[in-house]
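To start, the structure itself, in structure tokens.
2 protein chains.
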Amino acid sequence: MNLQKQAIPDHPIHKMLANRWSPYAFAERAVSDNDLRSLFEAARWAASSYNEQPWRYILATRANPVEFDRLLSCLVEGNQAWARTSPVLALGCTSSRFALNKKLNAAASHDLGLASANLTLEATVRGLVLHQMIGIVPDRARELYRIPDDVLPLTALAIGYAADPDALPEKYRERDLAPRRRKVLAEFVFGGEWELASSLVE
Amino acid sequence: MNLQKQAIPDHPIHKMLANRWSPYAFAERAVSDNDLRSLFEAARWAASSYNEQPWRYILATRANPVEFDRLLSCLVEGNQAWARTSPVLALGCTSSRFALNKKLNAAASHDLGLASANLTLEATVRGLVLHQMIGIVPDRARELYRIPDDVLPLTALAIGYAADPDALPEKYRERDLAPRRRKVLAEFVFGGEWELASSLVE
């Protein structure tokens, strides 16, 4: 059984958004080069502050085990435990200064998020799953890949096909089988004053 | 003529992602409450580090001109000039510490980006357009809405329907009519070493 965890939205949303979830169990099946190119192409067309496009990705697939293990070693151990079974890993980095004038870009991390969300949704459309992690070792990534000081290694992305969670260690299996939970809209859509629910979502 | 600026992707991507763009010209037409609820519902189901869901939005529509002007006043003047014609404004904020243990959340801004990207794509599906801005006056927003110290007001979002850019001041009209430009994949998808294009995108 391959899980397909659906959101249960209170208001209708596109199925691409409802179907997206972050599994721990990945199938062995490789991701095609064409699919991967389309994922990064989707990231490419994200919006960004001053069109700076601060996002950078370092990519490794299991077709090259040496490079895959190198990238895997930039994850914290808890994430290595399950992410090693995904066929594709990427490191999400963002350039913290504008190329033009070297001023700090306050949107750098935010805009990496915009790009990675696009990438994730293109993956969902293609029947792929994606699990992002903040649990990386930035200094190790800096050293291994000679990442410049003004670039922040921030996330890792495991990309592949969902698999039966039965093969997972218990801790992760439980997470894959748990229902998806979210705050209700009134907890994060405010009007007029902080923490006052907007009349739209009361 | 209402513009529909398409991306011209080098690799196929979902039309929702290719159709998204950030206009300066907005039509007077209001956005329905149902559409707005679905936009924030889409944000709700984004991924986040430890499922913290750090995003918060303050929402104002032109149906309430006092609240609309209040939120508009949190934008820098250059953005007020065009964003005042949009029917809906929102302020994008993110909680910089985990609710559970008050530790800093390194993914706070990134995860606001994930949520706002979902919101943007749901808008695109519904024929709406959305223009995000980093150009806000955070201290003014803090004061007006009594935003707590551990929350960062980061972005503003103008939401509505695209309009004929001919009515815009020249500076913005030119931007709306300019083709969409992006780095090529080889400039941001690396393999093995920093700034070495991945073999996938060579």
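Protein chains in written order, with the numbering used here: chain A, 3 to 204; chain B, 3 to 204.
C-beta: ideal position from N, C-alpha, C; glycine also.
Quick one: is the Cβ of residue i within less than 6 Å of any heavy atom of the ligand FMN?
{"i": "Arg175(A)", "result": "Because no ligand of any kind appears in the structure shown, any question about the ligand FMN cannot be addressed here."}
Quick check on the burial criterion: 16 or more other C-beta atoms within 10 angstroms. Buried or exposed for residue i?
{"i": "Glu195(B)", "result": "exposed"}
{"i": "Asn207(B)", "result": "The structure shown does not extend to residue 207(B), since chain B is modelled only from 3 through 204, so no value can be given for it."}
{"i": "Gly1(B)", "result": "Here chain B has residues from 3 to 204 only, and residue 1(B) is not among them."}
{"i": "Val68(A)", "result": "exposed"}
{"i": "Pro56(B)", "result": "buried"}
{"i": "Arg184(A)", "result": "buried"}
{"i": "Pro89(A)", "result": "buried"}
{"i": "Pro186(A)", "result": "Correcting the residue type first, residue 186(A) is Val in the shown sequence and not Pro. Classification for Val186(A): exposed."}
{"i": "Leu146(B)", "result": "buried"}
{"i": "Asn120(A)", "result": "buried"}
{"i": "Ala20(A)", "result": "buried"}
{"i": "Ala62(B)", "result": "buried"}
{"i": "Asp151(B)", "result": "exposed"}
{"i": "Arg31(A)", "result": "exposed"}
{"i": "Ala110(B)", "result": "buried"}
{"i": "Asp35(B)", "result": "exposed"}
Look up residue i in the DSSP assignment and say whether it is helix, strand or coil.
{"i": "Gln134(A)", "result": "strand"}
{"i": "Thr87(B)", "result": "coil"}
{"i": "Val203(B)", "result": "helix"}
{"i": "Val78(A)", "result": "coil"}
{"i": "Met3(A)", "result": "Only weak support is given to the placement of Met3(A): the predicted model assigns it a pLDDT of 47, under 50, and the value that follows is read from those uncertain coordinates. It is coil, neither helix nor strand."}
{"i": "Lys185(A)", "result": "coil"}
{"i": "Gly162(B)", "result": "strand"}
{"i": "Lys17(A)", "result": "helix"}
{"i": "Phe192(A)", "result": "strand"}
{"i": "Ser118(B)", "result": "helix"}
{"i": "Ser98(A)", "result": "coil"}
{"i": "Ala110(B)", "result": "helix"}
{"i": "Ala45(A)", "result": "helix"}
{"i": "Tyr26(B)", "result": "coil"}
{"i": "Ala65(A)", "result": "coil"}
{"i": "Pro56(B)", "result": "coil"}
{"i": "Pro11(A)", "result": "coil"}
Going by C-alpha to C-alpha distance, which of the options sits closest to residue i?
{"i": "Ala49(A)", "options": "Arg64(B), Arg58(B), Thr157(B), Glu43(B)", "result": "Thr157(B)"}
{"i": "Leu192(B)", "options": "Pro171(A), Arg31(A), Ala143(A)", "result": "One detail in the question is off: residue 192(B) reads as Phe in this sequence, not Leu. The shortest C-alpha separation from Phe192(B) is found at Ala143(A)."}
{"i": "Asn107(A)", "options": "Ala117(B), Met135(B), Arg99(B)", "result": "Met135(B)"}
{"i": "Ala160(A)", "options": "Glu197(A), Pro25(A), Pro171(A)", "result": "Pro25(A)"}
{"i": "Ile15(B)", "options": "Arg148(A), Ser40(A), Gly162(A)", "result": "Ser40(A)"}
{"i": "Lys173(A)", "options": "Leu19(A), Ala27(A), Lys17(A)", "result": "Ala27(A)"}
{"i": "Thr126(A)", "options": "Met18(B), Pro11(B), Phe70(B)", "result": "Met18(B)"}
{"i": "Ser118(A)", "options": "Glu204(A), Leu179(A), Trp47(A), Ala169(A)", "result": "Trp47(A)"}
{"i": "Ser29(B)", "options": "His112(B), Trp84(B), Leu74(B), Asp12(B)", "result": "For the record, residue 29(B) in the displayed sequence is Ala; it is not Ser. The candidate whose alpha carbon is nearest that of Ala29(B) is Trp84(B)."}
{"i": "Ala12(A)", "options": "Pro11(B), Ala45(B), Asp12(B)", "result": "Correcting the residue identity first, residue 12(A) is Asp in this sequence and not Ala. Comparing Cα-Cα distances from Asp12(A) to each of Pro11(B), Ala45(B), Asp12(B), the minimum goes to Ala45(B)."}
{"i": "Tyr59(A)", "options": "Leu91(A), Leu132(A), Ala65(A), His133(A)", "result": "Leu91(A)"}
Since residue i meets chain B, which of its residues come closer than 7 Å, beta carbon to beta carbon?
{"i": "Ser40(A)", "result": "His13, Pro14, Ile15"}
{"i": "Glu124(A)", "result": "Ile15, His16, Leu19"}
{"i": "Asn120(A)", "result": "Leu19, Ala119"}
{"i": "Ala109(A)", "result": "Ile136"}
{"i": "Asp178(A)", "result": "By Cβ distance, chain B contributes nothing, its closest Cβ being about 14 Å from Asp178(A), past 7 Å."}
{"i": "Ser200(A)", "result": "Leu61"}
Leaving out five residues on either side along the sequence, give the residues of the same chain with a beta carbon under 7 Å from the beta carbon of residue i.
{"i": "Arg182(B)", "result": "Lys7, Ala9, Trp23"}
{"i": "Ser53(B)", "result": "The sequence as given places Asn at residue 53(B); Ser does not occur at that position. Cβ within range, chain order: n/a, list empty."}
{"i": "Leu130(B)", "result": "Val33, Asp37, Ile161, Gly162, Tyr163"}
{"i": "Ile149(A)", "result": "Cys95, Ala143, Pro155"}
{"i": "Met3(A)", "result": "Confidence at Met3(A) is low in this model, with a pLDDT of 47, below 50, so its placement is unreliable and the value that follows should be read with caution. Same-chain partners within the cutoff: Asp166."}
{"i": "Leu198(A)", "result": "Phe192"}
{"i": "Arg99(B)", "result": "Lys105, Leu106, Asn107, Asp152"}
Can you pull the chain A residues whose beta carbon is under 9 Å from the beta carbon of residue i, in chain order?
{"i": "Pro89(B)", "result": "Going along chain A, no residue has its Cβ under 9 Å from Pro89(B), so there is no contact; the nearest lies around 13 Å."}
{"i": "Lys185(B)", "result": "Arg46, Gln55"}
{"i": "Asp141(B)", "result": "None at all; the shortest Cβ gap to chain A is about 14 Å."}
Can you name, in chain order, every residue of its own chain whose Cβ lies under 6 Å from the Cβ of residue i, other than the five neighbours on each side?
{"i": "Leu202(A)", "result": "none"}
{"i": "Ala188(A)", "result": "Ala199, Val203"}
Which residues in chain B have a C-beta closer than 9 Å to the C-beta of residue i? List them in chain order.
{"i": "Ile149(A)", "result": "Trp196"}
{"i": "Leu156(A)", "result": "Ala108, Ala109, His112"}
Taking Cβ-Cβ distances shorter than 8 Å, what residues in chain A pair up with residue i?
{"i": "Glu69(B)", "result": "Gly193, Gly194"}
{"i": "Ser24(B)", "result": "Ala49"}
Find the residues of chain A that neighbour residue i, judging by a C-beta separation of less than 7 Å, and give them in chain order.
{"i": "Ala9(B)", "result": "Trp47"}
{"i": "Gln134(B)", "result": "Ala49"}
{"i": "Leu159(B)", "result": "Those do not exist, as Leu159(B) stays about 10 Å from chain A at its closest Cβ, beyond 7 Å."}
{"i": "Arg58(B)", "result": "Phe190, Phe192"}
{"i": "Val127(B)", "result": "His16"}
{"i": "Asp35(B)", "result": "Leu202"}
Report all residues from its chain with a CB closer than 8 Å to the CB of residue i; omit the five preceding and five following residues, and keep chain order.
{"i": "Ile138(B)", "result": "Cys76, Leu77, Val78, Asn81, Leu93, Pro155, Leu156, Thr157, Ala158"}
{"i": "Glu43(B)", "result": "Glu124"}
Counting only Cβ pairs nearer than 8 Å, list the residues of chain B close to residue i.
{"i": "Asp113(A)", "result": "Gly115"}
{"i": "Glu43(A)", "result": "Pro11, Asp12, His13, Pro14, Ile15, Leu187"}
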